[in-house]
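Remarks on the structure that follows.
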Amino acid sequence: MTVAVYASSAGNYFFAEVRALLAAGLRRAGRAVVEADERRGFVPGADLHLVVAPHEFFYLGAGLALRAGPWPEGVVLYNTEQLSSQWHRLAERLFPRARAVWDIDAAGARCAAAAGHRAAHVPLGWAPCALLEPVRRLPRAAREAWLEGPDPGPLAPWERRPLDVLFVGARTERREAFLARSAGALARWRSAVLVRDGGRPARPGKTTDLDTPLLLGLAQRAKVVLNLHRSTARFFEWHRIALHGMAQGALVVTEPCSDAAPFIPGRHFIAAAAEDIPRVLGRLLGTAAGRRRAARVAAAGRAAFRALDLGAVLRGALAALDGPPPAPLPPPVRRPDRAAARVAASGGRGGPVPAVTVAVSLHDYERVIGPCLDSAAAQTLGPLDLVVVDDASRDGSLAAARRWLKRRGRRFARWTLLSHAANAGLSAARNTAFAAARTPAVLVLDADNLLLPRCAGRLWSALRRTGADAAYPLLERFGEEQGLMNLEGWDPAALRRENTTDALALVRRSSWRRLGGYRSFEAGWEDYDFWLRLAASGGRAVQVPELLARYRVHLGSMLRTVTHANIGELRRRFRLEHGIAFAGDAESAPERLRRHALELLQEAR
41 MTVAVYASSA GNYFFAEVRA LLAAGLRRAG RAVVEADERR GFVPGADLHL VVAPHEFFYL
101 GAGLALRAGP WPEGVVLYNT EQLSSQWHRL AERLFPRARA VWDIDAAGAR CAAAAGHRAA
161 HVPLGWAPCA LLEPVRRLPR AAREAWLEGP DPGPLAPWER RPLDVLFVGA RTERREAFLA
221 RSAGALARWR SAVLVRDGGR PARPGKTTDL DTPLLLGLAQ RAKVVLNLHR STARFFEWHR
281 IALHGMAQGA LVVTEPCSDA APFIPGRHFI AAAAEDIPRV LGRLLGTAAG RRRAARVAAA
341 GRAAFRALDL GAVLRGALAA LDGPPPAPLP PPVRRPDRAA ARVAASGGRG GPVPAVTVAV
401 SLHDYERVIG PCLDSAAAQT LGPLDLVVVD DASRDGSLAA ARRWLKRRGR RFARWTLLSH
461 AANAGLSAAR NTAFAAARTP AVLVLDADNL LLPRCAGRLW SALRRTGADA AYPLLERFGE
521 EQGLMNLEGW DPAALRRENT TDALALVRRS SWRRLGGYRS FEAGWEDYDF WLRLAASGGR
581 AVQVPELLAR YRVHLGSMLR TVTHANIGEL RRRFRLEHGI AFAGDAESAP ERLRRHALEL
641 LQEAR
């Protein structure tokens with residue numbers, strides 16, 4: 041079998057690196073390989089056409105004509121982009137035309153398979169390739185910029201590497217904010233911070249851009265390769281973390297990632313919340329014990345990468361092309377997304393551990409946190425615990441909560457006020473609260489909502505009686521709108537058409553842990569995702585058909601601002617990940633074509 045492996049000649053240089061590594065893996069798997077780009081079209085006589093980064097290959101330069109024209113049989117798309125990104129959406133439009141979709145990310149492969157495509161997870165691993173060979177000499181400008189003394193050469197023992205920290209990435213608001221906050225800490229170390237414009241491809245040979253020898257040469261001389269997510273999505277950057285970090289013998293320090301298997305945080309790389317990374321770097325680079333640990337983890341990471349035989353991975357993926365559709369990939373084993381939190385205050389009257397913790401997530405709600413906590417204190421259920429998580433409020437929310445707890449906290453057997461150093465989002469705040477709780481069940485309450493006195497007691501009674509994973513009440517909408525919510529009983533089929541259940545519910549802590557907690561969504565619907573995953577796992581919630589809580593409707597709520605502004609993106613992601621068929625999806629062919637044309641026009645602008 042001859043396999044042609046393609047990457048765009050007009051795209052980012054690092055996709056040519058991926059092409060080279062996949063080509064080496066295919067040769068290791070016993071295949072004849074031709075490396076090509078889009079300029080001469082599909083290679084005649086090739087049995088298989090493996091297209092790296094289809095979001096670039098078919099949308100730049102001569103690839104536009106290839107996208108519009110006929111494709112040969114045997115086109116396999118190798119997707120490198122994270123779910124919900126605009127680049128993933130461009131690639132996703134091409135999936136129906138391909139023989140198969142291979143994805144660098146396990147979650148992406150699961151979603152492609154769920155959408156009916158023949159899909160496989162094909163992570164990057166080791167194969168004999170120039171990318172994994174030493175870069176003997178850095179360019180002169182790089183030596184002058186970052187090496188004070190003689191160059192010890194590539195892949196030197198960890199403690200002898202001359203560059204302390206290397207960060208390379210496209211410029212995003214989130215990354216820029218982190219680097220600005222951490223400037224003082226990074227200034228303690230010899231750091232190379234290379235931030236490029238993410239709005240255009242990074243091309244080799246341009247003085248303003250990186251290229252493969254420079255980047256690999258720096259990584260092979262760096263103690264730490266730092267990874268910062270471009271957004272709150274915790275995508276495992278295989279190329280940056282595995283290829284540019286672990287494979288080069290550097291210690292990778294990254295924000296927590298999802299789907300990192302077979303690599304294990306703490307053993308093969310270091311994961312830390314963004315606000316903790318400066319402190320973690322100080323310990324790893326500035327203490328003898330930290331340096332010993334860093335060298336040990338860096339060595340283990342490189343060994344783990346070399347043990348991931350890309351030839352074997354590709355042999356399995358190739359064999360699956362001719363067999364029956366593969367079984368669905370198993371769900372990832374994941375830890376709940378939560379940020380590092382400090383205890384701002386704690387107290388309580390003591391006594392036996394209660395059944396229920398009221399968990400309040402708080403962000404910029406100084407005006408309403410008092411009434412919210414009043415409603416928690418007014419519960420008729422006897423002893424309760426209380427956890428309040430302030431998600432880096434910019435107003436006086438944290439101080440207002442502390443004052444209330446100092447004054448009335450003895451109502452609770454135990455109360456804890458936790459604070460995130462940086463805003464991590466609603467999912468992380470809820471997960472922090474669940475992790476801090478000690479009770480069997482946790483009542484999820486946002487700081488702008490209110491409990492009625494019998495809420496905790498009635499929901500706990502329903503959990504005990506039914507054995508369900510969660511219980512939720514009817515809600516009264518108040519404020520700028522009046523009405524009722526949560527009118528539907530638990531129905532997984534109805535849930536797949538629309539979100540019928542609000543986040544305000546009593547959830548077993550064991551069920552939260554089994555599901556891996558709430559997942560991070562920049563634009564909302566983390567509660568909808570939680571309920572869908574609960575239903576898919578065979579779990580269930582039970583409705584308590586009593587008005588037991590009040591849901592505040594106001595212009596400043598996340599649902600009205602962020603969620604509504606991003607409704608199209610959220611629906612696309614939920615269609616892909618959960619197979620949701622939203623109301624109105626059954627549109628006519630002309631309507632679908634018209635909508636598709638408008639989407640393309642908007643993206644082109």
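Position in the sequence shown (from 1) plus 40 gives the number in this note's numbering.
All residues carry an ideal CB built from backbone N, CA and C; glycine is no exception.
Residues near residue i by beta carbon distance below 6 Å, same chain, minus five either side
i, result
"leucine 641", "Confidence at leucine 641 is low in this model, with a pLDDT of 45, below 50, so its placement is unreliable and the value that follows should be read with caution. Around leucine 641: no qualifying Cβ."
"serine 386", "Thr456"
"arginine 270", "Thr212"
"alanine 44", "Val74, Ala76, Val83, Ala86 and His89"
"alanine 93", "Phe55 and Thr120"
"alanine 72", "Thr42"
"serine 222", "Pro318"
"arginine 600", "With a pLDDT of only 44 at arginine 600, under 50, the local geometry of the prediction cannot be trusted, and no value is derived from it."
"leucine 195", "Pro174, Gln260 and Gly289"
Those residues which DSSP pairs with residue i across a bridge
i, result
"glycine 519", "Val593"
"threonine 456", "Ser386 and Val427"
"methionine 525", "Leu515"
"proline 305", "Phe309"
"threonine 397", "Asp425 and Val482"
"arginine 331", "For arginine 331, which the question treats as bridged, DSSP gives no partner whatsoever."
"tyrosine 99", "None, per the DSSP bridge assignment."
"arginine 236", "Ala210"
"arginine 548", "Ala481"
"aspartate 143", "Asn119 and His161"
"aspartate 349", "Trp166"
"alanine 72", "Thr42"
"valine 408", "According to DSSP, which records beta bridges pairwise, valine 408 is partnered with nothing at all."
Simplified DSSP assignment, three categories, for residue i
i, result
"glycine 189", "coil"
"threonine 252", "helix"
"tyrosine 46", "strand"
"glycine 209", "strand"
"asparagine 471", "helix"
"threonine 541", "coil"
"methionine 41", "coil"
"glutamine 260", "coil"
"alanine 63", "helix"
"serine 433", "coil"
"serine 298", "coil"
"histidine 128", "helix"
"histidine 89", "strand"
"valine 175", "coil"
"alanine 581", "strand"
"glutamate 113", "coil"
"glutamate 78", "helix"
"leucine 490", "strand"
"valine 265", "strand"
"valine 337", "helix"
"aspartate 531", "coil"
"glutamate 586", "strand"
"leucine 503", "helix"
Sequence-distant residues of the same chain with beta carbon closer than 8 Å to residue i, five excluded per side
i, result
"phenylalanine 135", "Leu117, Val141, Ala152, Ala155 and His157"
Neighbourhood of residue i by C-beta distance below 7 Å, restricted to the same chain and skipping five residues each side
i, result
"aspartate 404", "Ser433, Arg434, Asp435 and Ser437"
"cysteine 169", "Ala60, Leu61 and Ala64"
"leucine 490", "Pro411, Cys412, Ser415, Ala589 and Arg590"
"glutamate 277", "Asn267"
Status (buried if at least 16 other CB within 10 Å, exposed otherwise) for residue i
i, result
"histidine 594", "exposed"
"alanine 581", "buried"
"glutamate 121", "buried"
"threonine 506", "exposed"
"isoleucine 304", "exposed"
"serine 550", "exposed"
"valine 13", "Given a span of 41 to 645 for the chain in the structure shown, any question on residue 13 remains unanswerable."
"leucine 577", "The identity of residue 577 in the sequence shown is serine, whereas the question assumes leucine. Serine 577 should be labelled exposed."
"alanine 439", "exposed"
"proline 372", "For proline 372, the predicted model reports a pLDDT of 45, less than 50, meaning its position is unreliable; a value from the coordinates is still stated below. Answer is exposed; the Cβ neighbour count stays below 16."
"leucine 234", "exposed"
* To do: Pair every Cβ in the region 396-410 with every Cβ in the region 482-500, then say whether three or more of these pairs are closer than 8 Å.
  => yes
* Is the region 258-267 touching the region 199-217, taking contact as three or more C-beta pairs under 8 Å? -> yes
* Asked: Are there three or more Cβ pairs, one per stretch, closer than 8 Å when the region 505-519 is compared with the region 418-430?
  -> no
* Are the region 519-538 and the region 444-464 touching, with three or more C-beta to C-beta distances below 8 Å? -> no
* Asked: For the 8 Å Cβ check, are there 3 or more pairs between the region 483-502 and the region 404-418?
  -> yes
* **Three-pair Cβ contact test at 8 Å for the region 293-310 versus the region 187-197** => no
* Asked: Is the number of C-beta pairs between the region 496-506 and the region 458-473 that are closer than 8 Å three or more?
  -> no
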